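Here is the structure we will look at.
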Amino acid sequence: MTIIKKKYPKIVPIAIASSLITISLSSLNISPYQALAQSQSSQTLLAQNNQERLTIAVMDFDYSSLSNARNLNLIDGAARGVSDVVAGELVDTRKYRVIERSRLNDVLNEQGLTDSGLVDPGTAAQIGRLLGAELIMVGSITQFDLQERGTGFGLFGFSLGNQTKKALVTLNTRVINSTTGEIVMSAEGQAEVSQVDGDVRIRGMDLGTSTNNDGTLLTVATRDAIREVIQQMDSRQTELSAVGRVSPDVSGVVADVAGNSVIINRGSNHGYRNGLRLSIERVSREVTDPETGEVIRRITDQVGVIELQDVDSTSSQGRIVSGSSFRVGDIASPM
């Protein structure tokens, strides 16, 4: 088996590294203070770009058309593992916010849906709105094959040979606008990855280096296929960026109030983001079903409005834009 060795950079002593940095700055006529200012400016720009990224959710890929679906069991997570690889590659581009798998599952369970990959654009759009995702990716695995070919010769009970394994993966994807249900684009990714193993046998006993890397080959091919899809997404970035920002359909609850700061128990996992405005409302009365006694409607009055400034995966902190007398337990609804 061919082994590719990676070259790692040597460690440069701190004094030498500092000298090199100083020389580099001098040759560019840039003072250390200017370099620091430029670095801070770049970090600010990166933070702004992070806020402008579109949010996308990746549904499990359909594999009903595969004739050899058993090959999916060779990779971590089986069929779900393919969509996880897709999500990971999208995260690595730093161009999209990707909804976490756990949050996607929560919404599907709440709506009584299963992530089988067989989702029509309308349903996908509904899921996207509940997640606060502008885009939904659905797709199908149309090829997930392994091919093997062996060559070799034998002499006096010894046999030498090579075995070539090839993984072939084809993915068909569709990206859906969760606001309109429109298919913004479709793309196909194909990849082929090969590996050659040496094999030595003595009277039927295997003494060689044959390895069972089927799962690894299929995973690498899956990554290459989705990277081809992402390249096509990059070429359509103008169209994707034109998709309007969606307000999540998930309300939160005020968890803390301190001065001009209000903390909500919902975060980026629920589609919340910096700049999103929330209407803070208080339940004034509840309407119950006279037959069952169940609450069928809650009447609310607006207390005020906040704008989110610091959002993590499970919570959001915002500043008060209008209103007063906010309380823990008030309802926070995206506007």
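Going by the numbering used here, 252 is the number at position 156 of the sequence shown; the sequence numbering is gapless. Ideal Cβ positions, reconstructed from N, Cα and C, are used throughout, including at glycine. Since the structure is predicted, the reported quantities are computational estimates derived from the model, not experimental observations.
Inset, instruction - Quick one: using the 10 Å Cβ neighbour count with 16 as the cut-off for buried, is Arg369 buried or exposed? - result: buried
Legend entry - The alpha helix (DSSP H) enclosing Val203, as first and last residue numbers: Arg197 to Glu206
Legend entry - Start and end residues, alpha helix (DSSP H) containing Gly224: Pro217 to Leu227
Legend entry - Identity of the residue in Arg193, Thr189 and Ala220 nearest Leu204 by Cα: Ala220
Legend entry - In DSSP terms, what Ser282 is bridged to: Arg270
Inset, instruction - Compare the Cα-Cα distances from Gln405 to each of Leu200, Arg373 and Asp352 and report the closest residue. - result: Arg373
Legend entry - Glu377 and Thr396 closer than 8 Å at C-beta: yes
Legend entry - Meets three-Cβ-pair contact criterion under 8 Å: the stretch 340-347 and the stretch 154-164: no
Legend entry - Test item: CB-CB of Val280 and Val339 under 8 Å: yes
Inset, instruction - Please confirm if the stretch 265-273 is in contact with the stretch 185-199, defined as three or more CB-CB distances below 8 Å between the two stretches. - result: no
Inset, instruction - Report yes or no: do the stretch 312-321 and the stretch 352-368 share at least 3 C-beta pairs separated by less than 8 Å? - result: no
Inset, instruction - Just the C-alpha distance for Ser337 and Thr151, rounded to the nearest angstrom, thanks. - result: 11 Å
Inset, instruction - Within its chain, find whatever has a CB closer than 7 Å to the CB of Pro217; leave out the 5 residues flanking it on each side and keep chain order. - result: Ile272, Gly277 and Ile279
Inset, instruction - Identify, in the order they occur along the chain, each residue of the same chain with its Cβ nearer than 8 Å to the Cβ of Ala183, setting aside the five sequence neighbours on each side. - result: Val154, Val194 and Arg197
Inset, instruction - Classify Asn167 as buried or exposed, calling it buried when 16 or more other Cβ atoms lie within 10 Å of its own Cβ. - result: buried
Inset, instruction - Compute the Euclidean distance between the alpha carbons of Ser409 and Thr238, then round it to the nearest angstrom. - result: 34 Å
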